[in-house]
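Under the working numbering, the sequence shown has 8 at position 3, and the numbering climbs by one with no breaks. We put the CB at the ideal spot given by N, CA and C, even for glycine. Because the structure is a prediction, the values reported are computed rather than measured.
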Amino acid sequence: MKKISLWVAGAMLLWVSSVRAADQKAPAAEEKFDRQFTVVAIEQDGSKFWIPGTLIVKKGDKIKINLINNIKSEPNTHGYAIDAFGIKEIIARGEPKAVTFTADKSGIFTVYCHQHPKHIGGQILVLE
6 MKKISLWVAG AMLLWVSSVR AADQKAPAAE EKFDRQFTVV AIEQDGSKFW
56 IPGTLIVKKG DKIKINLINN IKSEPNTHGY AIDAFGIKEI IARGEPKAVT
106 FTADKSGIFT VYCHQHPKHI GGQILVLE
């Protein structure tokens with residue numbers, strides 16, 4: 006009985022050591038972005054829009070946009086779309102979401118709420 010208990014204790018110790026070693030491995034490298042923005046949906050005097058409304062980047066930039074929906078009135082979800090870069094997300098109030106893309110073409114591209122066309126849109130300006 007003692008031999009089995011010692012064997013089980015040894016196996017447990019080995020397992021715990023391997024779990025600790027795995028936990029101490031170097032963290033995965035964070036993804037690098039050329040430009041990062043936080044864009045917030047707000048409501049002012051009955052109008053709903055994302056601010057800032059204009060984002061400026063350079064062609065070739067890797068972009069990350071953190072989206073936060075702070076609109077208190079119903080409905081509790083709003084869209085964020087940039088057709089030129091294949092972005093079409095729904096952001097629920099209280100549930101931030103991030104979108105990433107590479108600005109692979111230059112120009113001025115419309116940003117809008119694809120759920121509510123009457124909301125005020127914006128633009129992304131991609132410089133050459």
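Would the beta-carbon of K77 be found less than 8 angstroms away from any heavy atom of the ligand FMN? Absence of the ligand FMN is noted for the structure shown, with no ligands found whatsoever.
Quick check on DSSP: helix, strand or coil for L130? Looking at L130 - three-state DSSP - the assignment turns out to be strand.
Roughly how many angstroms lie between the CA atoms of T43 and E133, to the nearest whole one? Rounded to the nearest angstrom, the two C-alpha atoms are 23 angstroms apart.
Looking only at C-alpha atoms, which of T107, H124, T115 sits nearest to K67? The residue among T107, H124, T115 with its C-alpha nearest the C-alpha of K67 is T107.
Going by DSSP, name the residue or residues bridged to I47. BP columns for I47 point to F54.
Between F90, G91, H119, S111, which has its C-alpha nearest K53's C-alpha? Ranking F90, G91, H119, S111 by Cα distance to K53 puts H119 first.
F38, DSSP secondary structure in three states: Coil.
Check A89 in the structure and name its three-state DSSP category. In this structure, A89 counts as helix in the three-state DSSP scheme.
When the distance is taken between beta carbons, is G127 closer than 9 angstroms to L72? In this structure, G127 does not lie closer than 9 angstroms to L72 by Cβ.
Measure the C-alpha to C-alpha separation of K93 and E48 and round it to an integer number of angstroms. If I take the Cα positions, the gap works out to 21 angstroms.
Close beta carbons around Y117, own chain, < 7 angstroms, minus the five adjacent residues each side: Result list for Y117: A86, G126, in chain order.
Whose C-beta lies closer than 7 angstroms to the C-beta of D50 among residues of the same chain, with five residues either side of it excluded? A distance below 7 angstroms between beta-carbons, with the five flanking residues on each side excluded, links D50 to no residue of its chain.
Let me check understanding here. Comparing Cα to Cα, which of T105, S78, P101 lies closest to G91? Nearest option by C-alpha distance: T105.
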